[in-house]
Amino acid sequence: MKRIKINEQHCIGCRLCEIHCLVQHSKSKKIIKAFREERESIVPGIHVEESGYVSFALQCRHCEDAPCIEACMTGAMYRDPETEAVICDQDRCVGCWMCVMVCPVAAIRRGPEDQVASKCDLCMEAEIPVCVVNCPNEALVYEDDAVR
Amino acid sequence: MQLRKWLVEPEFRIERDPEKCIQCGVCVRQCANDVHEYDEEEEVVYSDSTNCVSCHRCATLCPTDAISIRPFPLEFRPNAVWTASTLRNLYKQADIGGVLLTGMGNDQDQPMYWDRMLLNASQVTNPSIDPLREPMELLTYIGRKPDSVQFERIAGQPRMTTQLEPQLQLQVPVMFAAMSYGSISYNASVALAQAAQQVGTFANTGEGGLHKDLREYADHMIVQVASGRFGVDSDYLNTGAAVEIKIGQGAKPGIGGHLPGEKVDAAISATRMIPEGTDALSPAPHHDIYSIEDLRQLIYAIKEAVCYSKPILVKIAAVHNVSAIASGCVRAGADVLVIDGYRGGTGAAPTMVRNNVGIPIEFALAAVDSRLREEGIRHQASLIASGGIRCSADVAKAIALGADAVNIGTAALVAMGCHLCQKCYTGKCNWGIATQDPYLTKRLNPNIATRRLVSLLESWALEIKELMGGMGINAVESLRGNREHLRGLGLTNRELQILGIKAAGE
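Protein chains in written order, with this note's numbering: chain A, 4 to 151; chain B, 32 to 537.
Next up, the structure:
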């Protein structure tokens with residue numbers, strides 16, 4: 004499957020990936036409106052981890068043996084048959100946070116108002132995830148597993 | 032040192048459009064000068080313009096284009112003599128003392144002679160050539176050419192018997208000027224080397240030594256020997272494609288160099304072969320070169336060291352008696368002469384030197400080419416024009432004036448992202464080019480920078496071919512030193528005479 008590859012040596016910690024992730028998952032998909040009206044209600048599926056000058060943008064790795072799917076008691080966490088991405092159906096999520104507990108890379112976060120889990124969905128509506136498109140330094144690359 | 036606020040108004044003013052700003056903080060994280068600050072209590076980004084250098088990093092990365100930067104609107108009382116920059120310099124010096132420093136090339140409003148020369152085109156009496164349909168040759172060989180060429184016939188076929196001196200082969204008559212690892216970041220050095228290899232031209236190590244990772248590009252690297260002799264050993268000389276002896280630099284003729292100890296980290300210390308954390312001081316002169324004869328000794332010492340297998344370049348700044356100096360350098364054994372005009376860039380130079388010392392490359396190039404021709408030694412050395420080459424038309428004009436090829440430094444940095452804020456000497460380059468701070472150097476992805484440099488050279492190559500085609504020329508060799516293809520615009524008789532060109536209309 005196609006995954007987002009992280010080149011941490013090129014990550015400059017600007018957090019534009021987080022910003023565009025939020026916009027992409029907003030209702031309006033317009034940056035100014037999204038930040039004005041929905042900033043508090045959306046948790047980006049990507050998060051920049053920083054320590055000193057080292058930084059990288061972490062998002063769900065869409066593991067082959069995803070423990071979050073195993074751990075999900077309501078079946079909200081599932082694998083999309085088409086893209087093989089691990090997706091959280093927020094309508095079914097009850098916020099038990101088992102997925103948050105078992106995620107080996109801490110890529111699942113407590114979502115809006117601490118009700119449901121929030122994670123990367125590889126931008127199902129976009130051809131290339133917006134974090135990759137908007138990374139100014141090509142620290143994020145979207146490519147097939149085979150390339151790795 | 033922070034200047035006291037009461038005498039120094041900011042140079043620029045940051046205007047933040049409150050309707051567009053989303054307080055995302057990208058600008059805060061991108062500014063190495065701490066201009067922007069996020070106030071957590073009020074959840075607002077504030078900007079203090081005092082330290083803004085107008086490098087545009089924040090404005091370029093702002094996702095909503097909320098930031099604009101303008102010259103500070105508080106203007107001094109108009110005065111043609113005591114201009115704003117003169118007053119600012121005086122206030123600065125009165126406050127902190129010392130020599131005014133700056134970076135990049137001369138930014139003063141002095142005449143650009145490239146813009147006062149116009150190229151020719153064919154009409155009716157000779158055909159122009161379409162470079163997209165017919166072959167065009169930009170291939171250039173740099174190095175000493177023989178006095179004459181002998182042939183013999185073997186089985187009816189002619190074969191050259193003259194032994195040629197070593198040459199550098201350039202696919203495009205443009206090379207990257209000397210920029211040391213230390214003055215620019217590791218990523219910038221890698222990008223220049225990679226681009227030179229991909230395009231088939233040469234990058235130059237400057238006086239920074241050759242980083243071990245760059246040895247794989249050594250076929251496309253010219254290694255420099257300057258007055259500090261940093262990073263020089265037999266291996267270094269033999270690894271590069273050619274060796275350049277740097278006598279002077281256009282931005283600061285007669286002045287040495289100084290890489291502050293804070294920038295000399297483990298990698299730079301290993302590459303320059305100096306202790307970590309020590310200042311890298313390049314003396315103003317080479318202490319073993321006080322005459323043309325001394326230069327000859329060094330040239331031949333290096334030729335011996337590399338077994339006469341590589342051309343030796345000598346780089347001099349364009350100064351008043353440049354043609355006599357150039358003649359001496361060629362007679363001393365230089366295979367290639369690089370002349371750096373007064374608009375050449377630098378990582379750091381005293382402002383007064385940068386703005387007031389040296390002469391324009393246009394005059395220096397024409398004078399040197401004419402002098403070497405008159406003395407019958409023009410073929411003994413190739414000429415490289417450097418210092419303020421901005422576009423492909425400048426390249427074409429330089430070649431028509433007599434250059435074999437040109438060096439570009441500033442144009443290459445701009446292709447990598449440089450916005451000419453002229454603060455290279457502070458080590459706080461927000462574009463990750465002229466800095467060694469790992470937080471900043473990461474900002475230059477060498478793969479992106481390489482791609483952009485390659486694009487730049489390829490587009491210049493296309494444009495040079497278009498210009499040549501218009502002139503009815505299909506090989507850059509036919510343009511070289513062909514001053515009939517240049518006409519002067521608004522130049523005095525004396526200037527036309529020195530440039531060796533006719534006036535427009537003649």
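Just so you know, even glycine gets a beta-carbon here, dropped at the ideal spot from N, CA and C.
Taking 7 angstroms as the limit between beta carbons, can you name the residues of its chain near A:Asp148, skipping five residues before and five after?
Met4 and Arg6
Do B:Arg518 and B:Ala535 come within 7 angstroms of each other at the CB atom, strictly closer than that value?
yes
Just to confirm my understanding: we take B:Tyr248, look at its own chain, exclude 5 residues before and 5 after, and list those with CB closer than 6 angstroms. What are they?
Ala224 and Gln228
Tell me, please, which residues DSSP counts as bridged to B:Met191.
B:Phe182
Start and end of the beta strand (DSSP E) containing A:Pro70?
Note, A:Pro70: premise wrong, no beta strand (DSSP E); alpha helix (DSSP H) at Pro70 to Ala74.
Min CB distance B:Leu121 to chain A below 7 angstroms:
no
From this set, B:Arg385, B:Ala365, B:Pro391 and B:Val426, which residue's C-alpha is nearest B:Leu403's C-alpha?
B:Ala365
Hey, is the region 65–76 of chain B in contact with the region 39–57 of chain B, meaning 3+ C-beta pairs nearer than 8 angstroms?
yes
Residue(s) in a DSSP beta bridge with B:Ala416:
B:Ile370 and B:Val437
Quick check: is the beta carbon of B:Val57 nearer than 7 angstroms to any beta carbon in chain A?
yes
Can you grab the Cα-Cα spacing for the pair B:Ile305 / B:Phe261, in whole Å?
8 angstroms
So, with DSSP's three-state summary, where would you put B:Phe394?
helix
Interface positions of the region 442–472 of chain B facing chain A (Cβ-Cβ less than 7 angstroms), listed along the chain
Pro469 and Tyr470
Proximal residues to B:Arg421 (C-beta, below 7 angstroms), its chain only, five neighbours per side dropped
Ala442
Just the Cα atoms here: how many angstroms apart are B:Pro162 and B:Val205?
19 angstroms
Cβ shell of B:Ile408 (< 6 angstroms), same chain only, five flanking positions each side left out
Val361
Could you pull out every residue in the same chain whose Cβ sits closer than 6 angstroms to the Cβ of B:Arg374, ignoring the five residues on either side in sequence?
Gly136, Asn137, Gly418 and Gly419
How many Å lie between A:Glu43 and A:Ala37 at the Cα?
10 angstroms
Do you know whose CA, among B:Asn269, B:Cys83, B:Gly512 and B:Thr156, lies nearest B:Glu393's CA?
B:Gly512
Cβ separation of B:Gly463 and B:Leu444, assumed to be a contact under 8 angstroms, to the nearest whole Å:
That pair is no contact at about 11 angstroms.
Excluding the 5 residues flanking B:His87 on each side, which residues of the same chain have their C-beta closer than 6 angstroms to its C-beta?
His450
Roughly how many angstroms separate the alpha carbons of B:Thr377 and B:Ala315, rounded to a whole number?
15 angstroms
Here's the rule I'm using: 16 or more other beta-carbon atoms within 10 Å means buried, otherwise exposed. How should B:Gln411 be labelled?
buried
Using the Cα positions of A:Glu52 and A:Ser58, report the straight-line distance between them to the nearest angstrom.
5 angstroms
Taking 7 angstroms as the limit between beta carbons, can you name the residues of its chain near B:Pro284, skipping five residues before and five after?
Ala348, Val350, Val388 and Gly389
Determine, using beta carbons only, whether A:His13 comes closer than 7 angstroms to chain B.
yes
Chain A within 7 angstroms of B:Pro94, Cβ atoms only
yes
Considering just the uninterrupted stretch of the alpha helix (DSSP H) at B:Glu168, what are its terminal residues?
First-last for B:Glu168: undefined, no H or E at that position.
Count the C-beta pairs between the region 23–38 of chain A and the region 98–105 of chain A that are closer than 8 angstroms, then say yes if the count reaches three, no if not.
no
Output the distance between the C-alpha atoms of B:Met32 and B:Ile127, rounded to the nearest integer angstrom.
Because B:Met32 carries a pLDDT of 46, less than 50, the predicted location of this residue cannot be relied on, and no value is offered for it.
Candidates B:Tyr470, B:Ile286, B:Gln181 and B:Lys294, of which the one nearest B:Ser214 by Cα
B:Lys294
Residue of B:Asp178, B:Ala357, B:Phe107 and B:Ser401 minimising C-alpha distance to B:Val345
B:Ala357
DSSP three-state label for A:Asp148, please.
helix
If you pair each beta-carbon of the region 148–159 of chain B with each one of the region 485–501 of chain B, do three or more pairs fall below 8 angstroms?
yes
B:Ile479 touches chain A at which residues, Cβ-Cβ below 8 angstroms?
Asn140 and Glu141
Among residues of its own chain, excluding the 5 on either side of B:Ser486, which ones have a beta-carbon nearer than 7 angstroms to its beta-carbon?
none
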